[in-house]
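FYI, the numbering for the sequence shown is 1 to 103, going by UniProt numbering.
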Amino acid sequence: SRGSGCISLHTIITQWSANEQMDKIFKEVSVKKLYKDCMFLAKYFGRRQGNEKVIMAQVRQQFKANMHEVDDDKIKEQKEAAIRALHNLHLLEADRYVRDKKT
1 SRGSGCISLH
11 TIITQWSANE
21 QMDKIFKEVS
31 VKKLYKDCMF
41 LAKYFGRRQG
51 NEKVIMAQVR
61 QQFKANMHEV
71 DDDKIKEQKE
81 AAIRALHNLH
91 LLEADRYVRD
101 KKT
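This is how it looks when you write it as structure tokens:
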């Protein structure tokens, strides 16, 4: 019988497969594409909030600060952070859309 502390082989394989897929995504997504997407959203949200130049400058500064990075692990970390930020903005916008629909 399985104890509460046991991890099934299926769970390990599933997690490994998901990690492998995420690694592939992070390698395939270009920094240029992430930059363009981040700037697009910075402009979009900045216009809505009235601080477009400030948000765009923050995004630009983050990318410039890391543009000479050569360590693959650090590049992957930065890509992950950018993708998380894009995802979070998407979730916020979806939430706002749903709230607006209810009113």
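Backbone N, C-alpha and C fix where the C-beta goes; we use that ideal spot for every residue, glycine too.
Query raised in the report: Exposed or buried, which one is GLN49 when buried takes at least 16 other CB atoms within 10 Å?
Result: exposed
Requested in this report: Please determine, among ALA57, LYS74 and LEU41, the residue with the shortest C-alpha to C-alpha distance to HIS90.
Outcome: LEU41
**Report entry** DSSP state of ASP71 mapped onto helix, strand, coil
**Finding:** coil
Query - Start-end ranges of the beta strand (DSSP E) lying completely within the UniProt domain "Complex 1 LYR protein" (31-86), minimum 3 residues - result: none
Requested in this report: Would you identify the three-state DSSP class for SER4, choosing helix, strand or coil?
Outcome: With a pLDDT of only 48 at SER4, under the threshold of 50, the placement of this residue in the model should not be trusted; the figure read from the coordinates follows. DSSP, read as helix, strand or coil, puts SER4 in coil.
Query raised in the report: Where does VAL98 fall in DSSP's three states?
Result: helix
Query raised in the report: Rounded to the nearest angstrom, how far is the Cβ of GLU69 from that of GLN58, given a contact under 8 Å?
Result: 18 Å between Cβ atoms; not a contact.
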